[in-house]
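Engineer: Using my numbering, read the sequence shown as starting at 26 and increasing by one per residue. One structure, as structure tokens, below. Some questions next.
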Amino acid sequence: MAEPKKRQRLSHVKSSHKTSNHSQSEGDERFVDGSIISITMKNFLTYDYSVVNPGTNLNMIVGANGTGKSSIVCAICLGLAGKTSVLGRGDKVGLYVKRGCKKGFIEIELYKKDGNVVIHREIHVENNRSVWMLNKRHCSQKDVEEEVRTLQIQVSNLCQFLPQEKVGEFAKMSKIELLEATEKSVGPPEMYEYHCKLKNFRGKERELENAVKEKNSFLEKAKQRNERNKLDVNRFYERQRHLDMIELLEKKKPWVEYETARVERDHVIAERNEVKQRLITLKQVQAPVVRKIQQIENQLHSTEAQLEAKTAAIKEASNKCKQKQDQLDRKHKEIDDIKQSLKLKQTEAEDQQKRIGNTRRNIEDLKAELAKTGDQPDVTPQINAINVELRQMQQDRARIEGEKADLRREKDNLCAESAMLEKKLNCMNNMMNAKEEKLKGRHKDTYVALQWLRKNRQMFEGNVYEPMMLVINVKDHRFAKYVENHIPFHDLRAFVFQKKADMEKFMTEVRDKMNLRVNAISTPEKSFSEQQPSRHIESLRRFGFHIYLREMFDTPEEVMSYLCYQYKVHEVPLGSQQTKDMIHTVIEEPYLRMFYTPGERYMVKRSSYSHNISTSNSLVQESQFLTITVDADEKRRLEEQIKASKEKLQENNERMKNFQAEAVSLDRRDNELLAEKKRLSELKGKKRQLEQKISIKQDSVRQMEQNVIDLAKIEEETREKIANVNSQKVSVVAEFMAQMKLRAKLTVEKVYLTLDTVGQTAEKRKLENDFREGTSELKTVNQRYIQLEERKSRLTEQCKALLKRAKSVCGMHSDQVLPEELRNAFSKLPDTLDEIDARLNEERSRSECFTGLSESVVDEYRRREEEIRHLEKELEEKTNSLTAYRQNIAEAKDRWLNPLKQLVEQINEKFSDFFRSMQCAGEVDLYTENEEEYDKYGIRIRVKFHSSSQLHELTVHHQSGGERSVSTCPFRVVDEINQGMDPVNERRVFDIVVRTACKETTSQYFFITPKLLQNLQYADEMTILCVHNGPYMLPPSQWNEKALIKRCLQRKARA
């Protein structure tokens, strides 16, 4: 990257008859509102600080690639509140600040008759934040957008502002989009507004027309139906008069019922008050007895509380007595255990003496038997021979058991190994199935082709590989996202063929015959899989790089060869956080074209003219397919190992059967030898056995005599233990007696309290009996009072219910009094229930004479009458609205269509002239299928490039700069539109642009190009801006504009 001090300024040179700076009066005469007076950039893209002063007409910005021409375009867009998406470069505004700087700014001065507008935008790298100023006052971005919109500047309109990266998008615009963009950029401001209004008006007009037709039809049908129902409505009203009388009678009936119940309740209340007064007098007579009973009850409560306390204390003392009794029982048991132990020792001593006597008698019997035993023949040689053979058999058995143990261990190992291998294979199969399911969900055609390939693999001669995403196995899942971001998805789902003939056969089958959308590639003839990177990874470790993409994954050789050839995976390294920290140093390295850091991908481009560096970075998306890794070689190896393991297991079983048969034979012979040896040993060893038994018995007697139990000592120890336990019993007995005495005392006190309670209870019963005998009259009166109270309550509730029902029938609130109109109506009706019932029956009989009528008929008649009135009103409003809308549409159409036709005609004239100058033919016309469908209007471009052909519609074109120059917008920008043209057409297009953009009536025009043809025709109104920027340009301190002009004039004079 160039040194900052070497790219410090943009210098400019204008036509020979102009000075480098405009005076205010000269510039103001030619500028239109919204034209750019100056552009100031600091720390913006390739510039440290630079000021650009464009002219009023055509501004040719010329400079080598990478010098910063497009940076001026970016400054115009971002400085006028344009979106980064318009430029097609970085999506974050912070990326436009010069690398290494924390902030930068753009300042654009726009011409305005009543005072120029200065927009200042300061961009901060951190958080991609911008600070806006309008005429040196802080403001919001919306304020700037509104000011720009007022000046008719549209940086998002490709007809007015066409960056280099957006030329392709301009070519894709439809006829309708071209019309809208033309209205915005070429037509007056109100033209696009009228077009939008017309589209809205037309939609509303269609809605109103449909609404008027529907309303008119519905109105006629409603009137016809109402005429048919009018007679039924009159009969219904006659019946309704009888029903109204029935309703009024039914409303008065509950009021009569309520009044009857209320009178009865008043009589009951008067009688209840008399009984209540008699009850109070009787209760006053019985008051002393009641007080005495209450006093006794209080005393009983106090005594019962004392009884409860005594009971609790007795219970506690009883518990303590029980505890002491339990302690005494344990001491008694302890003494019994000591005595039992002594008895056991005594019994053991007696048994010992008996065993000694029995053993001595056995010794005497064995000695007698030994004396009787005579000499026996010597069988030792036979026994020795049997022993030799047994030892040999023992060795053979040990050998067989060892072999069998080895086989069993080998079998266990083989089973465990086989199970482990099958588990790994199942796991790999599951992972492969998961990858295939992902492929099926994302691209079903590829999955169907994969199934076909597996069934028909024998059709192909060379190696055929399934889609790359299935055969690429990332070694570490953390690397998956880098590999997947580097290889496009259309290649990840592509089948790989070693031979092109196989690929063509495959595509014929699946694409042509099966109509499947699949991708297939053939590997290079020369293998690139082992090609070494241009720089060893060790030389890049100082930048934090630690691995190339090729080392991140395994894949078959042919697939790796294709990836190395196509995507240079052996040349793209992955860095660490250290790489991100020193990114400015890393991108200076001349051999790095693409590399990855954690989470980002960087692409570095160098200008072939100035070797300037431009970088772009993008986020690395998370992996979707390659996180699941399955090693195909490992899978085949596992399958081969499982097969070998099963063969070894079968061989192991055969050998085990052979060893088992040999072991059975040895066991049979061993049993025979042992039986013979036992018979011979019994003959030889009888005398020796007797001698050994005698010796053993004698040793036993001596041992028992040495271990004689000392009963005297054991009895003394027993007496001491019993005395110690008895002393402990004495203290426990003393505590037990104290608790027994306390319990007895408490029991006596409880008995006294119980006697007091019995006496008080008896006295209370006597008083209560006396009270009951003296209050029989009180009970009778009280019962009568209760009956009257209950009857009064029932009548009160009945009155409330009747009143509530009466008010409910009349539609009254609970706190509302009977209205005066109801009182007057009720006064004309009968006053007794019988008379009301008779009148009700009469009215009901009359109303039943009108049969076959329904209230729905009247409701429908009334509803339809209201609906008819409403429809007539709506129809009138809709008709008036439709008339008004049609008038508005006609006015808006005249205001829009006539100027638009004139504008299109002007554009057509210019367009035809432009094409005629290039020996071609072209037309621009206003296209629509229906004049009333305003949203279908568009601009159609038809061209003819050969005299023998007819005019045809142009759907893809790139020469959009010169053809659109008839404009009333403040300025327009076209970036490198002449790239890819042949010299003849480029010269013609340049002449067209100069001729149209340098007229007095045209606005400002920016034309950016890295080169110009020689001997072009220039106009005096042109301004040539030469961008001097980069490490090979002349430093700003040595630049002399006047000297350059002087030398140019001298050279021209000599020529």
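Idealized CB from N, CA, C, for every residue including glycine. Keep in mind it's a predicted model, so treat the numbers as computed, not measured.
1. Whose C-beta lies closer than 7 Å to the C-beta of V750 among residues of the same chain, with five residues either side of it excluded?
2. Leaving aside the five residues before and after S906 along the sequence, list all residues of the same chain whose C-beta is less than 6 Å from its C-beta, in chain order.
3. Between R386 and L432, what straight-line distance do the alpha-carbon atoms span, to the nearest angstrom?
4. Please list the segments of the alpha helix (DSSP H) lying wholly inside the region 479-532, counting only runs of 4 or more residues, in order along the chain.
5. Whose C-alpha, out of N683, E134 and T336, is nearest the C-alpha of E172?
6. Where does K770 fall in DSSP's three states?
7. State the start and end residues of the unbroken beta strand (DSSP E) segment that holds E647.
8. Within 10 angstroms of the Cβ of A1022, are there 16 or more other Cβ atoms? Answer buried if so, exposed if not.
9. Measuring CB to CB, does K817 end up less than 8 Å from R297?
10. Go to H163, then tell me how far its beta strand (DSSP E) extends in each direction, as first and last residue.
11. Go ahead and pull the three-state DSSP assignment for Y627.
12. When DSSP labels each residue in this structure, what does N1065 get in the three-state scheme?
13. Taking G59 and Q177 to be in contact with their CB atoms under 8 Å, please state how far apart those CB atoms are, rounded to whole angstroms.
14. For P598, count neighbouring C-beta atoms within 10 Å of its own C-beta (all shown protein chains included) and say buried if the count is 16 or more, exposed if not.
15. Alpha carbons only, please: which of P623, E647 and Q591 is nearest the one belonging to N510?
16. If I measure Cβ to Cβ from T993 and keep anything under 6 Å in the same chain, skipping five residues before and after, which residues do I get?
17. Over the uninterrupted alpha helix (DSSP H) stretch that includes F851, give me the two end residues.
18. Tell me, which residues are paired with T1034 by DSSP?
19. Closest to K500 by CA distance: which of V757, M577, K718 and I64 is it?
20. Ignore the nearest five residues each way along the sequence and tell me which others in Y573's own chain have a CB closer than 8 Å to its CB.
21. Could you tell me whether the region 99-109 touches the region 609-627, where touching means 3 or more Cβ pairs closer than 8 Å?
22. Whole-angstrom Cβ separation of K722 and T384, contact assumed at under 8 Å?
23. Given 8 Å as the limit, is there contact between the region 512-521 and the region 444-453, that is, 3 or more CB pairs closer than that?
24. Select from A787, H145, I653 and K789 the residue whose C-alpha is nearest the C-alpha of M66.
25. Could you spell out the range, first to last residue, of the beta strand (DSSP E) harbouring T1048?
26. Have a look at L391 and N678 and give me their C-alpha separation to the nearest angstrom.
27. For I734, name the three-state secondary structure that DSSP assigns.
28. Return the CA-CA distance between T604 and S639, expressed in angstroms with no decimal places.
29. Have a look at E860, Y507, M158 and P1008 and flag the residue whose alpha-carbon is nearest the alpha-carbon of F650.
30. For the region 270-281 against the region 833-850, do three or more pairs of beta-carbon atoms, one drawn from each stretch, fall closer than 8 Å, so that the two count as touching?
31. State the DSSP-derived secondary structure class of L105, mapped to helix, strand or coil.
32. Helix, strand or coil for G986? Go by DSSP, reduced to three states.
33. Going by DSSP, what residue range makes up the beta strand (DSSP E) through K128?
34. Buried or exposed: which applies to V806, given that a residue is buried once 16 or more other Cβ atoms fall within 10 Å of its Cβ?
35. Would you list the one or two residues that DSSP bridges to I546?
36. Quick check on DSSP: helix, strand or coil for A763?
Structural biologist: Taking the structure as given:
1. K356, E359 and I360
2. L233
3. 58 Å
4. If we require 4 residues or more, the alpha helix (DSSP H) runs fully inside the region 479-532 come out as 493-496, 505-511, 514-517 and 525-532.
5. E134
6. Helix, per DSSP.
7. First-last for E647: undefined, no H or E at that position.
8. When all chains shown are included, A1022 counts as buried.
9. yes
10. Looking at the DSSP string, the run of the beta strand (DSSP E) that includes H163 is R162 to C164.
11. strand
12. Three-state DSSP puts N1065 in coil, outside helix and strand.
13. 6 Å
14. buried
15. Of the candidates P623, E647 and Q591, the one whose C-alpha sits nearest the C-alpha of N510 is E647.
16. Confidence is the limiting factor: at T993 the pLDDT is only 32, short of 50, which leaves the residue's position unreliable and the question unanswerable from this model.
17. E845 to S852
18. V87
19. Proximity to K500 across V757, M577, K718 and I64 peaks at M577, based on C-alpha coordinates.
20. P558, I562, V594, H595, E596, V597, P598 and L599
21. no
22. 5 Å
23. no
24. Of the candidates A787, H145, I653 and K789, the one whose C-alpha sits nearest the C-alpha of M66 is H145.
25. T1048: member of the beta strand (DSSP E) spanning T1048 to C1051, first to last residue.
26. Straight-line spacing of the CA atoms in L391 and N678 works out to 57 Å.
27. coil
28. Rounded to the nearest angstrom, the two C-alpha atoms are 18 Å apart.
29. Y507
30. Contact holds: three or more Cβ-Cβ distances are below 8 Å.
31. coil
32. Low confidence applies here, because G986 scores a pLDDT of 33, under 50, leaving its location unreliable; read the following figure in that light. Three-state result, G986: coil.
33. Counting along the chain, the beta strand (DSSP E) containing K128 begins and ends at K128 to L135.
34. Label assigned to V806: buried.
35. Paired residues: V521.
36. When DSSP states are grouped into helix, strand and coil, A763 belongs to the helix group.
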